[in-house]
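In this note's numbering, the protein residues as written are 35 to 555. Heads up, the thing below is written out as structure tokens.
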Amino acid sequence: MDSFELKTQSGIVPIRFAYMNATWVATELARVLGVRRPRLLIVTDENVALHQLENLKSAFKAEGFGLEECILPPGEQQKTIARAKFLLDILAQKKFARDDIVLAFGGGVITDLAGFVASVYQRGIEWIAVPTTLLGMVDAAIGGKTGVNHELGKNLIGSFHQPKMVLAELSVLSTLSPREIRSGAAEIVKGALLAGGEFWREIEVAGVDAMEWSPRWFERFVARGAAVKIEIVSRDERESGERMLLNLGHTFGHALEQVTGYGTLAHGEAVFYGMRAAIRLSEKCGMMPQPKARALDKWIASLELPAAKCTADDLLTAIQSDKKTASGKLRWILLREPGKPVISHDVPDQVVRECAEWLEEIVQSGAEAVPIPRRRRVVILNGPNLNLLGTREPSVYGSMTYEELSKQCFEWADDLNFDLLIRQSNHEGEYAELIQWARRWADGLILNPGAFTHTSVAVRDALAAANLPAVEVHLSDPSSREEFRHSSLISDLCRRTIKGHGPDGYREALTELAFSLPETA
Ligand code: DQA
């Protein structure tokens with residue numbers, strides 16, 4: 035485990051990195067809190083929830099925490115004041131108190147948003163960052179900058195609010211796509227260029243190719259990348275001086291993200307292009323000798339970044355608007371050499387223009403963007419009282435617990451190459467909402483609505499609206515039980531009804547979907 039302490043005006047923030055599991059996250063927090071067991075609002079997104087939320091929840095439950103959760107759609111579009119208000123509503127409705135905690139479980143969007151909400155709810159409650167992306171671990175979750183976007187600019191609304199703790203569990207990185215890895219790697223390379231010395235030399239020798247696929251690369255470099263930021267932020271928390279260095283590659287990087295349309299280039303891809311621009315500016319301003327600059331540029335260029343459409347004029351306009359928000363003074367972060375960054379106010383306009391033109395050319399002719407492949411997605415929705423499996427009428431439903439059944443389903447889904455989410459609710463309205471939510475995310479549904487099967491028109495209507503391939507499952511065979519269980523309000527909307535086969539019914543339902551769902555692109 036790598037352990038750091040970020041010393042700030044508001045106190046010490048422990049920051050830990052380990053290649054472990056969800057249990058480690060929960061026990062580390064429990065250790066820091068001592069006997070205190072506050073309620074946690076876990077804020078996450080659908081992609082993270084898919085692979086990791088159930089494990090995290092069980093780990094925190096085992097440590098005795100009270101849990102609430104909020105799963106948001108993924109993406110930068112979520113960083114709005116409206117979303118922040120939505121989260122504040124949850125905190126208020128669930129009566130979160132001043133000593134309860136918001137736990138941000140996700141990438142930069144989630145930590146920025148959840149941290150911001152924690153900073154304003156009841157004038158500031160504690161939050162914990164559990165970053166799940168490389169970018170989050172080395173950058174977004176560290177340093178206490180929180181915020182949401184405004185139509186007129188990124189992160190225009192926000193605050194400095196340090197998390198109580200940052201817990202980065204590295205094994206989760208194995209679920210990231212190569213593009214997401216590259217995106218985070220940009221911040222590590224930036225850290226190495228700022229730090230220079232041994233760190234840069236090791237990165238340089240490992241080469242850019244290695245970062246695309248190697249978990250070893252993470253183990254060696256993630257915590258060190260973060261350490262550069264931790265050191266700088268502990269000397270300048272509010273960005274009055276040295277912290278600006280962390281913007282290396284970000285002036286052109288932000289401009290590129292803006293003019294290509296957010297999301298076209300991943301943040302880190304734009305920063306890699308931005309660092310190439312910063313190196314070129316350093317050379318043109320006579321700070322970095324040409325051979326050194328060209329060698330560095332070649333090193334980054336070997337990454338084959340995706341192409342995007344942009345023009346030099348648009349880039350310059352975007353930079354001008356950045357300038358306005360920085361009260362008229364644009365500060366360029368340049369390099370004399372790795373380890374020797376410089377903040378410069380006076381890069382001649384002509385040099386900036388020439389660099390923008392060069393960037394237009396290299397960005398337009400970049401490699402083809404790699405589409406992010408995905409597996410087919412299935413959601414299992416279990417209705418009331420199924421959470422009691424194991425203890426609930428074992429003679430009817432068997433002795434397997436709900437947790438065991440869920441685990442089993444995840445294994446079956448993995449074998450069939452599905453991404454799976456499982457949800458359970460005892461409330462009819464919530465169950466209908468889960469179907470509505472699944473409609474946006476899933477390719478197929480497996481429903482065991484429990485007693486709602488026989489009674490709920492609302493559940494039927496939600497399923498009809500979802501218009502997704504669905505399979506109905508019952509552990510018991512309701513048609514051989516009491517009369518009132520004989521009818522199902524959803525059977526005619528499902529491809530198949532599997533009943534009386536116990537837990538195995540879920541496997542059969544997954545197999546049915548494996549055969550019938552079309553492949554994803
Ligand atoms: C059930 C059957 C329903 O009749 C009952 O209300 C349940 C479980 C089953 O899985 O067998 O809760 O759906």
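All residues carry an ideal CB built from backbone N, CA and C; glycine is no exception.
Boundaries of the beta strand (DSSP E) in which residue i is found, first to last residue
{"i": "Asp36", "result": "Asp36 to Thr42"}
{"i": "Ser193", "result": "Gly187 to Phe194"}
{"i": "Glu14", "result": "The structure shown has nothing for residue 14, since the chain only spans 35 to 555."}
{"i": "Ala341", "result": "Segment: none, Ala341 is in no beta strand (DSSP E) and carries neither H nor E."}
{"i": "Lys374", "result": "Lys374 to Ser378"}
{"i": "Ala289", "result": "Careful: Ala289 lies outside any beta strand (DSSP E), inside the alpha helix (DSSP H) at His284 to Thr294."}
{"i": "Leu415", "result": "Arg410 to Asn416"}
Contact under 8 Å by Cβ, residue i with residue j
{"i": "Leu551", "j": "Arg410", "result": "yes"}
{"i": "Arg473", "j": "Ala500", "result": "yes"}
{"i": "Gly192", "j": "Gly181", "result": "yes"}
{"i": "Gly178", "j": "Glu271", "result": "yes"}
{"i": "Val136", "j": "Glu221", "result": "no"}
{"i": "Ala558", "j": "Ile532", "result": "The question about residue 558 has no answer, for the chain in this structure spans 35 to 555."}
{"i": "Pro537", "j": "Gly400", "result": "no"}
{"i": "Pro197", "j": "Val47", "result": "yes"}
{"i": "Glu391", "j": "Lys318", "result": "no"}
{"i": "Val223", "j": "Phe139", "result": "no"}
{"i": "Ile176", "j": "Ala260", "result": "yes"}
{"i": "Trp161", "j": "Gly149", "result": "yes"}
{"i": "Ile105", "j": "Asp79", "result": "yes"}
{"i": "Leu210", "j": "Leu168", "result": "yes"}
{"i": "Thr489", "j": "Ser268", "result": "no"}
{"i": "Met278", "j": "Arg365", "result": "yes"}
{"i": "Val154", "j": "Leu201", "result": "no"}
{"i": "Ser205", "j": "Asn55", "result": "yes"}
{"i": "Pro372", "j": "Gly187", "result": "no"}
{"i": "Ser336", "j": "Val242", "result": "yes"}
{"i": "Ala485", "j": "Gly417", "result": "yes"}
Alpha-carbon spacing of residue i relative to residue j, whole angstroms
{"i": "Asp448", "j": "Phe99", "result": "29 Å"}
{"i": "Leu369", "j": "Ala174", "result": "23 Å"}
{"i": "Trp251", "j": "Leu393", "result": "29 Å"}
{"i": "Leu561", "j": "Thr285", "result": "Because the chain is modelled from 35 through 555, residue 561 falls outside the range shown and cannot be assessed."}
{"i": "Gln156", "j": "Glu553", "result": "47 Å"}
{"i": "Gln292", "j": "Gly534", "result": "55 Å"}
{"i": "Val151", "j": "Ile264", "result": "23 Å"}
{"i": "Ser513", "j": "Thr487", "result": "12 Å"}
{"i": "Trp3", "j": "Pro323", "result": "Only positions 35 to 555 of the chain appear in the structure, and residue 3 is not among them; the question remains open."}
{"i": "Arg457", "j": "Trp234", "result": "45 Å"}
{"i": "Pro405", "j": "Trp333", "result": "Here Pro405 scores only 48 on pLDDT, less than 50, and its place in the model should not be relied on; the value that follows carries that caveat. Rounded to the nearest angstrom, the two C-alpha atoms are 24 Å apart."}
{"i": "Glu546", "j": "Asn482", "result": "15 Å"}
{"i": "Gly302", "j": "His288", "result": "10 Å"}
{"i": "Leu479", "j": "Tyr540", "result": "11 Å"}
{"i": "Leu228", "j": "Ala83", "result": "34 Å"}
{"i": "Thr294", "j": "Pro107", "result": "22 Å"}
{"i": "Ser355", "j": "Thr345", "result": "16 Å"}
{"i": "Trp247", "j": "Thr166", "result": "Caution applies to Trp247, whose pLDDT of 48 falls short of 50 and renders its modelled position unreliable; the value that the coordinates give is listed next. Trp247 and Thr166: Cα-Cα distance of roughly 17 Å."}
{"i": "Val412", "j": "Arg70", "result": "37 Å"}
{"i": "Arg132", "j": "Glu467", "result": "30 Å"}
{"i": "Ser44", "j": "Ile266", "result": "16 Å"}
{"i": "Ser37", "j": "Glu232", "result": "20 Å"}
{"i": "Leu330", "j": "Arg314", "result": "10 Å"}
{"i": "Asn81", "j": "Asp477", "result": "14 Å"}
{"i": "Lys343", "j": "Ile353", "result": "17 Å"}
Residue i, enclosing alpha helix (DSSP H) - first and last residue
{"i": "Lys179", "result": "Lys179 -> not in any alpha helix (DSSP H); beta strand (DSSP E) instead, spanning Lys179 to His184."}
{"i": "Asn89", "result": "Glu88 to Ala96"}
{"i": "Pro165", "result": "It is not in any alpha helix (DSSP H) - Pro165 instead sits in the beta strand (DSSP E) that spans Glu160 to Pro165."}
{"i": "Val601", "result": "Beyond the ends of the chain as shown, which are 35 and 555, falls residue 601; an answer cannot be given."}
{"i": "Cys443", "result": "Tyr436 to Asp449"}
{"i": "Met199", "result": "Premise fails: Met199 lies in the beta strand (DSSP E), Met199 to Glu203, not in any alpha helix (DSSP H)."}
{"i": "Ala64", "result": "Ala56 to Leu67"}
{"i": "Phe518", "result": "No alpha helix (DSSP H) contains Phe518, which DSSP labels as neither H nor E."}
{"i": "Ile222", "result": "Pro212 to Ala229"}
{"i": "Leu479", "result": "Taken as a continuous stretch (DSSP letters only), Leu479 belongs to no alpha helix (DSSP H), being part of the beta strand (DSSP E) at Gly478 to Asn482."}
{"i": "Thr487", "result": "Phe486 to Thr489"}
Expected contact under 8 Å - CB spacing of residue i and residue j to nearest Å
{"i": "Ile215", "j": "Ala226", "result": "The Cβ separation is near 16 Å, so there is no contact."}
{"i": "Asp134", "j": "Arg73", "result": "4 Å"}
{"i": "Ala492", "j": "Glu462", "result": "6 Å"}
{"i": "Tyr307", "j": "Leu349", "result": "No, Tyr307 and Leu349 are not in contact; Cβ-Cβ is about 10 Å, not under 8 Å."}
{"i": "Leu415", "j": "Ile469", "result": "7 Å"}
{"i": "Leu290", "j": "Pro375", "result": "With 8 Å as the limit, Leu290 and Pro375 do not qualify as a contact, their Cβ atoms being about 20 Å apart."}
{"i": "Val66", "j": "Ala93", "result": "At roughly 15 Å, the Cβ-Cβ gap does not stay under 8 Å, so Val66 and Ala93 are not in contact."}
{"i": "Ala300", "j": "Ser217", "result": "4 Å"}
{"i": "Ile367", "j": "Ala312", "result": "6 Å"}
Cutoff 8 Å: residue i Cβ touching any chain D Cβ
{"i": "Val385", "result": "Structure shown: chain D not included; a single protein chain is present."}
Near the ligand ATP: residue i beta-carbon under 7 Å from a heavy atom
{"i": "Ser510", "result": "Among the ligands present in this structure, namely the ligand DQA, the ligand ATP is not found."}
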